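Below you'll find the structure, written out as structure tokens, and then a few comments.
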Amino acid sequence: MSFIAVNPDNHFPIENLPYGVFSTPENNRHRIGVAIGDQILDLSVIKHLFNGPILKNNQNVFEEPILNSFMELGQPAWTEARNRLKCILSVEEPVLKDDAALRAKAFVPQSKAEMHLPARIGDYTDFYSSKNHAYNVGCMFRGPENALMPNWTHLPVGYHGRASSVSLAASNFFSLFLSLFLSLFLSLFLSLFLSLSLSLSLSLSLSLSLSFSLSFSFSLSFSLSLSFSLSFSLSLSFSLSLSFSLSLSFSLSLSFSLSLSFSLSLSFSLSLSFSFSLFFFLSLSFSFSLSFSLSLSFSLSLSFSLSLSFSLSLSFSLSLSFSLSLSFSLSPFIITETKPPVFGPCHLMDMELEMAFFVGGPSTMLGSNIPIQETEDHIFGMVVMNDWSARDIQKWEYVPLGPFLAKNLGTSISPWIVTMDALKPFVTENIKQEPSPLPYLQHGDNYNFNINLDVHLKVPEVSDPVLISKSNFKYMYWTMKQQLAHHTITGCNVNAGDLMGSGTISGTTPDSFGSMLELCWKGTKPVDLGNGATRKFLQDGDEVIMTGKY
Numbered sequence: 341m342s343f344i345a346v347n348p349d350n351h352f353p354i355e356n357l358p359y360g361v362f363s364t365p366e367n368n369r370h371r372i373g374v375a376i377g378d379q380i381l382d383l384s385v386i387k388h389l390f391n392g393p394i395l396k397n398n399q400n401v402f403e404e405p406i407l408n409s410f411m412e413l414g415q416p417a418w419t420e421a422r423n424r425l426k427c428i429l430s431v432e433e434p435v436l437k438d439d440a441a442l443r444a445k446a447f448v449p450q451s452k453a454e455m456h457l458p459a460r461i462g463d464y465t466d467f468y469s470s471k472n473h474a475y476n477v478g479c480m481f482r483g484p485e486n487a488l489m490p491n492w493t494h495l496p497v498g499y500h501g502r503a504s505s506v507s508l509a510a511s512n513f514f515s516l517f518l519s520l521f522l523s524l525f526l527s528l529f530l531s532l533f534l535s536l537s538l539s540l541s542l543s544l545s546l547s548l549s550l551s552f553s554l555s556f557s558f559s560l561s562f563s564l565s566l567s568f569s570l571s572f573s574l575s576l577s578f579s580l581s582l583s584f585s586l587s588l589s590f591s592l593s594l595s596f597s598l599s600l601s602f603s604l605s606l607s608f609s610l611s612l613s614f615s616f617s618l619f620f621f622l623s624l625s626f627s628f629s630l631s632f633s634l635s636l637s638f639s640l641s642l643s644f645s646l647s648l649s650f651s652l653s654l655s656f657s658l659s660l661s662f663s664l665s666l667s668f669s670l671s672p673f674i675i676t677e678t679k680p681p682v683f684g685p686c687h688l689m690d691m692e693l694e695m696a697f698f699v700g701g702p703s704t705m706l707g708s709n710i711p712i713q714e715t716e717d718h719i720f721g722m723v724v725m726n727d728w729s730a731r732d733i734q735k736w737e738y739v740p741l742g743p744f745l746a747k748n749l750g751t752s753i754s755p756w757i758v759t760m761d762a763l764k765p766f767v768t769e770n771i772k773q774e775p776s777p778l779p780y781l782q783h784g785d786n787y788n789f790n791i792n793l794d795v796h797l798k799v800p801e802v803s804d805p806v807l808i809s810k811s812n813f814k815y816m817y818w819t820m821k822q823q824l825a826h827h828t829i830t831g832c833n834v835n836a837g838d839l840m841g842s843g844t845i846s847g848t849t850p851d852s853f854g855s856m857l858e859l860c861w862k863g864t865k866p867v868d869l870g871n872g873a874t875r876k877f878l879q880d881g882d883e884v885i886m887t888g889k890y
């Protein structure tokens, strides 16, 4: 038990002890603090009390304006700090309880403090790890048969977000955004539209064509189709076709050829040779040759050819077609694909209920991954997160590379980081994954958490916030260990202070859905807020309140 009085309904008992960064009007320096009840314990004032084996040589981390250096110390230092804080704040420990001067400097009422981002966020990644949410959105746009993309059950899908626009929740965020932010979007409207179209066409055609090889065909077809989904369509068509074809061809060819050849050849040859010897060493030879040849050739060729061709082609075709089409559709969005995009304010602003974890531990090297057995050493703690989403802009821009302007306008996180040591008592079973993931994503221990998540919506027309969603972090299909192991499997380096969003968290019932897109089912079921007020999406002046409890 803490010597600081804590109301039973307070979110910050001694079992919690989350970390944050704050300042006060009297001292605008950003300091690291821990929430206890309605107070903040300024760690820069009591840094000398951290005298454990790790922190006694690293007390300076509590003097810094952000938590990154403390996060980087790693899991043993985090556990040592938590144990020391529980000891300092307990009723049995006098070191702070009995030192009035130190207490006066160390404690600041939360009501007098201004909260700031708890860490320098170098990189921000948002996952898509709630199967219920992914299925719901897939059903809206692709139908139940294709709701989940083929890769979804094999890996934790995610995308890189914009770290520069991550901030703490601000009461004037919406009025600033909706009055100033402009971007491209199609002609989509919040109101419920009714469209009715009727078309009737009658065509009669007569054509003649010919070609012989006798063929005759006759066909008669009739079809009637009726379909109803979110739209109603009736189509009736009747077609009659008659075709007759005749082709006649005649061809005659006559050819005559005569060839006469005569050849005469006469040859005469005379050869005379005479040889004698004079004395025994002298020889005399004489030769005479005479040749005569005569050749005569005669050739005659005659050719005659006659060709006659006749062709007749006759074709007759009669076609009669009748078509009647009646269409009725009821839709909350009218998307005019044929019209060019326009420049104007977002009309379909949405919230997304998420949680996120901060990466801790020493920075990893580019080219090395974090094995899933070591991921717990790099998960510092968790915050509640709202990933603001401009749905009309998202629908227009997200193909083929995913959301851009629809998501980078702002991401809000809660100011207090709840450590994983504080969350250990709320560990629950992991959701059974089918098919079994690849080996680099497998871990045998439970790393899911039973954290109740509420979303309240406060609108100008109603005095009090209205509960619109009750969800739970336990609905996550992919665990934080799997998310971090997958993120680094390619050798992507991570640093202390990096932020990893869970993705929208939706339960199995309509009152546990984590976005307005699901709660109003794409604008077809307005959320009733009482006093005649309803919402399909958020409007200027609305306030979203997200709370995590365990």
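Per my numbering, the sequence shown runs over residues 341 to 890.
We treat Cβ as the ideally placed atom computed from N, Cα and C, and that holds for glycine.
Given the structure is predicted, the values throughout are model-derived calculations rather than measurements.
Residue i to residue j span [Cα, whole Å]
i, j, result
"P353", "I428", "14 Å"
"S519", "G684", "Residue placement at S519 is flagged as unreliable, the pLDDT there being 29, under the threshold of 50; the coordinate-derived value follows with that caveat. Rounded to the nearest angstrom, the two C-alpha atoms are 10 Å apart."
"N792", "M886", "11 Å"
"P743", "E737", "6 Å"
"E343", "K764", "Per the sequence shown, residue 343 should be read as Phe rather than Glu. Spanning the two alpha carbons is a distance of roughly 24 Å."
"E805", "E858", "For the sequence presented, residue 805 should be read as Pro rather than Glu. Cα to Cα, the separation comes out at about 20 Å."
"C686", "K426", "47 Å"
"Y815", "E366", "44 Å"
"G360", "D382", "10 Å"
"R443", "H388", "14 Å"
"L508", "M455", "8 Å"
"P775", "K735", "30 Å"
"F390", "L878", "46 Å"
"H796", "V506", "21 Å"
"D882", "T874", "12 Å"
"I771", "Y817", "6 Å"
"S829", "I394", "Note that residue 829 is Ile in the sequence shown here, rather than Ser. Computed Cα separation, rounded: 30 Å."
"V884", "K798", "6 Å"
"F525", "A746", "The predicted model places F525 with a pLDDT of 29, which falls under 50 and marks its position as unreliable, so this point remains unresolved."
"L488", "P850", "19 Å"
"H826", "V431", "44 Å"
"G483", "N472", "14 Å"
"P866", "F813", "25 Å"
"M725", "A696", "6 Å"
"F402", "G721", "17 Å"
"G392", "G837", "24 Å"
"Q773", "T493", "8 Å"
"G700", "P681", "43 Å"
"S703", "I710", "11 Å"
"S409", "P348", "33 Å"
Unbroken beta strand (DSSP E) run spanning residue i, endpoints
i, result
"M760", "Here M760 belongs to no beta strand (DSSP E); instead the alpha helix (DSSP H) covers 760-763."
"A746", "Counting along the chain, A746 falls outside any beta strand (DSSP E), though it belongs to the alpha helix (DSSP H) covering 745-748."
"I710", "Element bounds for I710: n/a, residue is neither H nor E."
"R371", "371-376"
"K810", "806-812"
"D382", "379-382"
"V682", "682-684"
"F362", "359-363"
"Y499", "498-500"
Residue range of the unbroken alpha helix (DSSP H) whose run includes residue i
i, result
"R731", "731-737"
Counterpart residues of residue i in DSSP-defined beta bridges
i, result
"L693", "N726"
"T768", "N788"
"S507", "S752"
"R875", "V867"
"M886", "V795"
"S803", "Its beta-bridge partners do not exist; DSSP assigns none."
"M816", "S470"
"V699", "I719"
"I757", "Y359"
"S342", "S430"
Runs of beta strand (DSSP E) lying entirely within the region 393-475, each at least 3 residues, in chain order: 447-449, 454-456, 464-467
Three CB pairs or more closer than 8 Å across the region 808-824 and the region 714-723: yes
Three or more C-beta pairs below 8 Å linking the region 407-417 and the region 472-482: no
Segment contact flag, the region 744-762 with the region 855-866, C-beta cutoff 8 Å, min 3 pairs: no
contact_flag[the region 485-500, the region 464-471] where n(CB pairs < 8 Å) is 3 or more: yes
Contact the region 838-845 vs the region 686-699: 3+ CB pairs below 8 Å: yes
Uninterrupted beta strand (DSSP E) stretches inside the region 825-857 (no shorter than 3 residues): 839-841
Validate contact between the region 434-441 and the region 778-785 using beta carbons, cut 8 Å, 3 pairs: no
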